[in-house]
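In the numbering used here, the protein residues as written are 268 to 561.
Glycine included, C-beta positions come from ideal geometry on N, C-alpha and C.
Here the structure is a predicted model, which is why all the values come from computation and not from measurement.
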């Protein structure tokens, strides 16, 4: 029997969440012999449900919710001995992975679009003992993003991050980072580092135009800014997309990064839009790690 699990975050998608859930369950019942639906109630539930599904050798796991729910489900499948096929229906404010996979952002369209005959391999990122599907950000702008009120995220979507980020530009702080790129050490002074897996970051689908979902690479970008004026020069280059090193930005690809601060300061990361672990961190790519419906 071909079994599927549908993990639903009932708080995503507003008042239509229940309607979307029913539509998704009905769709999956046409494709699988048995479908189980589980609701998340707190942080970590989606990870737990996905881990249990992998242990039970279930054929496919689907997530319905925003980027946080999708991240949790992927984290539950990562590095399991048996990794079910993965699918998701976007109900969030940004939906970066859906953008990268060309999955429709409207839930009904995403449901109609789903075909279990259409899959792609998907790279997963690992940062210390956590996982990410899209981006790790470190520095001044990511610190501002960590402070964005969840209600503002819902109301403003991706613009909430940039409103908060630009408010912090006048308080730009550069840090001295020690970065090991595939075994080669370098010292970097910058306000902001980005490590991406896909072309879409924060809803901007051309931020990393060379990044593909299964190229086996981390796409590493940092601003060359030591002052407020340097930051003002770099941010427009960042928004229009980065595919090479310029006067204002640096860009390179790697399979593994080790990042720490030279000075004894504390600095948190931002992982797929949510506050993550503090430095130092080891970041690596798990190439073609999941099979995802697209």
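To the nearest angstrom, how far is it from the Cα of residue i to the Cα of residue j?
i	j	result
residue 423	residue 360	Here the model assigns residue 423 a pLDDT of 48, short of 50, so the residue's position is not dependable and the matter cannot be decided.
residue 381	residue 375	10 Å
residue 390	residue 553	6 Å
residue 426	residue 268	Confidence at residue 426 is low in this model, with a pLDDT of 49, below 50, so the placement of that residue should be treated as unreliable; the coordinate-derived value is given next. Using only the alpha carbons, I get a separation of about 45 Å.
residue 274	residue 442	40 Å
residue 384	residue 372	20 Å
residue 481	residue 449	18 Å
residue 363	residue 532	31 Å
residue 331	residue 276	6 Å
residue 300	residue 344	21 Å
residue 306	residue 329	12 Å
residue 439	residue 460	13 Å
residue 270	residue 541	31 Å
residue 397	residue 547	13 Å
Which first and last residues belong to the alpha helix (DSSP H) in which residue i is found?
i	result
residue 342	334-344
residue 241	Nothing can be reported for residue 241: it is not among the residues displayed for the chain, which extend from 268 to 561.
residue 288	284-296
residue 363	363-368
residue 380	374-380
Could you give the residue range of the beta strand (DSSP E) that holds residue i?
i	result
residue 551	548-560
residue 528	523-528
residue 314	Counting along the chain, residue 314 falls outside any beta strand (DSSP E), though it belongs to the alpha helix (DSSP H) covering 312-322.
residue 406	402-406
residue 479	Here residue 479 belongs to no beta strand (DSSP E), and DSSP marks it neither H nor E.
residue 386	386-394
residue 299	Premise fails: residue 299 is in no beta strand (DSSP E) and is neither H nor E.
residue 467	Where residue 467 is concerned, there is no enclosing beta strand (DSSP E), given that its DSSP letter is neither H nor E.
Would you check if the distance between the CB atom of residue i and the CB atom of residue j is smaller than 7 Å?
i	j	result
residue 518	residue 354	no
residue 378	residue 280	no
residue 467	residue 490	no
residue 356	residue 539	no
residue 407	residue 558	no
Taking all protein chains shown into account, decide if residue i is buried (16 or more other Cβ within 10 angstroms of its Cβ) or exposed.
i	result
residue 401	buried
residue 366	buried
residue 335	buried
residue 351	buried
residue 340	buried
residue 567	Outside the shown range of the chain (268 to 561) lies residue 567, about which nothing can therefore be said.
residue 310	exposed
residue 511	exposed
Consider the C-beta atom of residue i and the heavy atoms of the ligand MG; say whether any pair is separated by less than 6 Å.
i	result
residue 511	With respect to the ligand MG, the structure shown offers nothing to examine, as it has no ligands at all.
Quick test of your reading: residue i and residue j, contact by CB under 8 Å. State the CB separation rounded to the nearest angstrom.
i	j	result
residue 526	residue 392	Going by Cβ atoms, the distance from residue 526 to residue 392 rounds to 13 Å, so no, they are not a contact pair.
residue 563	residue 313	The first residue shown for the chain is 268 and the last is 561, placing residue 563 beyond what the model contains.
residue 462	residue 487	5 Å
residue 498	residue 492	4 Å
residue 485	residue 524	6 Å
residue 403	residue 536	6 Å
residue 297	residue 272	With 8 Å as the limit, residue 297 and residue 272 do not qualify as a contact, their Cβ atoms being about 16 Å apart.
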